[in-house]
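Visitor: Under this note's numbering, the very last position in the sequence shown is 1257; numbers go up by exactly one each time. Ideal Cβ positions, reconstructed from N, Cα and C, are used throughout, including at glycine. Because the structure is a prediction, the values reported are computed rather than measured.
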Amino acid sequence: SRIVGKKKKSKIAIEEAEPQSITSIQTKARKRILTGINELDGSLGGGIIPGMVVLIGGEPGIGKSTLMLQLADKLANKKQKILYISGEESTQQIKLRCDRLGCTSEELYLLCTTQIEACLQAIAKFEPQLIVVDSIQSIFTENLDSPAGSISQLREITSLLVRLAKKTGIPTFLIGHVTKQGAVAGPKIIEHMVDTVLYFEGESQNQFKILRATKNRFGSTNEIGIFEMQSKGLVEVADPSRIFINKTDNRIGTAVGATIEGSRVFLVEVQGLISPANYGTSQRVTLGFDRRKLALLLAVIEKNLSLNLRNNDVFLNLAGGIKVVEPALDLAAVAAVISSFNDQPLPADMIFIGEVGLNGEIRPVSQIQMRIKEAVRLGYKKIVISDKVSLQRSNLIKIKHIGQLMAKINN
């Protein structure tokens, strides 16, 4: 018979830890580092916190590396040592891109390697004030047999970099690839490990890009940054309302609404198109607008206005590549659909602000005064809102139900 000896238990070094009363803990105000890119600072909650780890994701070619190089150059120009680690490109390739972007600061240093041990050694020797890793999926450790980009590698690499950032106070930006569904490739635990998660939104062919925070331990997730991709890199868009709307005389199927992201109000153009379903089953296609919300609004229109949309394809698009989920665009979406169905243009100086209920009633939305102020600033003279709003102004058109919509438009 086989004799099996007892396994020796490995000794585990236990870290000394003692509970503290919350009243005895002294806190220090963390001074944020301004990047010089206002749209990025806003998405981060007001700037960079020492030791924070930021994961930035987006589709290939959307501008992640471009933004990080511009960030690195901005801070390097302030005499801060920046280390840009690349596991995907050579130093010559990155230098060519830097020349195109005008990133020529002497304090910007490049390190091209895919081994985390080499990265940690260089960081300890170089002592940078900010680190960029491009990309987290390309870095691996020799301690694991799995290939770079695997779940175990991603978890280990992220853990090492997070611990380093917390120990040294060096802010670290990790660029991540995304899946077909738009989420950062790899286990969800990576997003839980970092402090902030930013996503670049927008079609790769669209010149406008939106940077949205989905997680932020040091600030709000409601703020967004808007950029325009130009030949010399990403340029901030200071007045987003002007890029998302296009005033024209012929406005069949086009309505303007007002949305709020964080503390900013901007106007959005909602484009609707109704056409006969020539291929059997009718389609419901949306870009930037929730598809289930559209289905709900179409049911409300059919029920309350007796419009037969079942045998028609319905397309709804938010111009500029923006994605909006708040209900304040309901009324604009309904107006665009009705306008396209009736082939009736909407006035160019009219804007629609309101939520639509299941019974077709128009409900007020939050911060209506801010929305109205932005509409007036951009020259809109007719503002369609809920009759439950208490404001009294000559340019307000108040309606109770979507059944009153077209009658008010024609007046």
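#1: Residues in the same chain with beta-carbon distance under 8 angstroms from Lys1228, minus the five sequence neighbours each way, listed in chain order, please.
#2: According to DSSP, is Arg848 helix, strand or coil?
#3: Hey, Lys1149 and Gly948 are a contact pair by Cβ (cut 8 angstroms); roughly how many whole angstroms apart?
#4: Less than 7 angstroms between C-beta atoms, sequence neighbours within five positions excluded: which residues of the same chain meet that for Glu1002?
#5: Where does Asp919 sit, in a helix, a strand or coil, going by DSSP?
#6: Can you give me the C-alpha to C-alpha distance between Gln866 and Ala918, rounded to a whole angstrom?
#7: By Cβ distance, which residues of its chain are closer than 7 angstroms to Gly1048, with the 5 residues on each side in sequence left out?
#8: Compare the C-alpha of Glu935 against each of Leu890, Ser981, Ile1218 and Asp945 and name the closest.
#9: Can you give me the start and stop residues for the alpha helix (DSSP H) that Thr1004 sits inside?
#10: Counting contacts by CB-CB distance shorter than 8 angstroms, is Leu954 in contact with chain B?
#11: Give the C-beta separation of Leu1175 and Gly1103 to the nearest angstrom, bearing in mind that I take them to be a contact with Cβ-Cβ under 8 angstroms.
#12: Going by other Cβ atoms of all chains shown within 10 Å of its Cβ, with 16 needed for buried, is Thr937 buried or exposed?
#13: If you reduce the DSSP assignment to three classes, tell me which class Gly1126 lands in.
#14: Using 8 angstroms for Cβ pairs, my map puts Ile902 next to Ile1021. What's the rounded Cβ distance?
#15: Using a Cβ-Cβ cutoff of less than 7 angstroms, which residues in the same chain neighbour Ser1186 once the five nearest sequence positions on both sides are dropped?
#16: Within the same chain, show all residues whose beta-carbon is closer than 7 angstroms to that of Val1111, passing over the 5 residues directly before and after it, in chain order.
#17: Suppose contacts are defined by Cβ-Cβ distances below 8 angstroms. Is Val1230 in contact with Leu1177 by that definition?
#18: Who are the near neighbours of Ile969 in its chain, counting only those whose CB is closer than 6 angstroms to its CB and skipping five residues on each side?
#19: For Gln999, is the classification buried or exposed, using 16 other Cβ atoms within 10 angstroms of its Cβ as the cut-off for buried?
#20: Taking only the alpha-carbon atoms, compute the straight-line gap between Ser847 and Ile977 and give it to the nearest angstrom.
#21: Less than 8 angstroms between the CB atoms is what I'm expecting for Gly1164 and Phe1135, so what's the real figure, rounded?
#22: The beta strand (DSSP E) spanning Lys924 covers which residue range?
Guide: By the coordinates alone:
#1: Pro1193, Asp1195, Met1196, Ile1197, Asn1241 and Ile1243
#2: At Arg848, the pLDDT of 48 sits below 50, so the modelled position is not reliable; the number obtained from the coordinates is stated separately. Here Arg848 sits in coil by DSSP.
#3: The beta-carbon separation of Lys1149 and Gly948, rounded to 57 angstroms, does not stay under the 8 angstroms limit for a contact.
#4: Thr987 and Leu990
#5: helix
#6: 39 angstroms
#7: The beta carbon of Gly1048 lies closer than 7 angstroms to those of Ile908, Phe1054, Lys1055, Ile1056 and Gly1167 in the same chain, with the five residues before and after it left out.
#8: Ser981
#9: Ile997 to Thr1014 is the span of the alpha helix (DSSP H), which, as asked, contains Thr1004.
#10: The question asks about chain B, but that chain is absent: this structure has only one protein chain.
#11: 4 angstroms
#12: Exposed, since its Cβ has fewer than 16 Cβ neighbours within 10 Å.
#13: Gly1126 falls in the coil class under three-state DSSP.
#14: 6 angstroms
#15: Ile1098, Gly1099, Gly1118, Leu1119 and Ile1120, listed in sequence order.
#16: Ala1104, Met1216, Arg1217 and Glu1220
#17: yes
#18: none
#19: buried
#20: Only weak support is given to the placement of Ser847: the predicted model assigns it a pLDDT of 46, under 50, and the value that follows is read from those uncertain coordinates. About 59 angstroms.
#21: First, the residue type needs correcting, since residue 1164 is Leu and not Gly in the sequence shown. Approximately 6 angstroms separates the beta-carbon atoms of Leu1164 and Phe1135; this is inside 8 angstroms, confirming the contact.
#22: First-last for Lys924: undefined, no H or E at that position.
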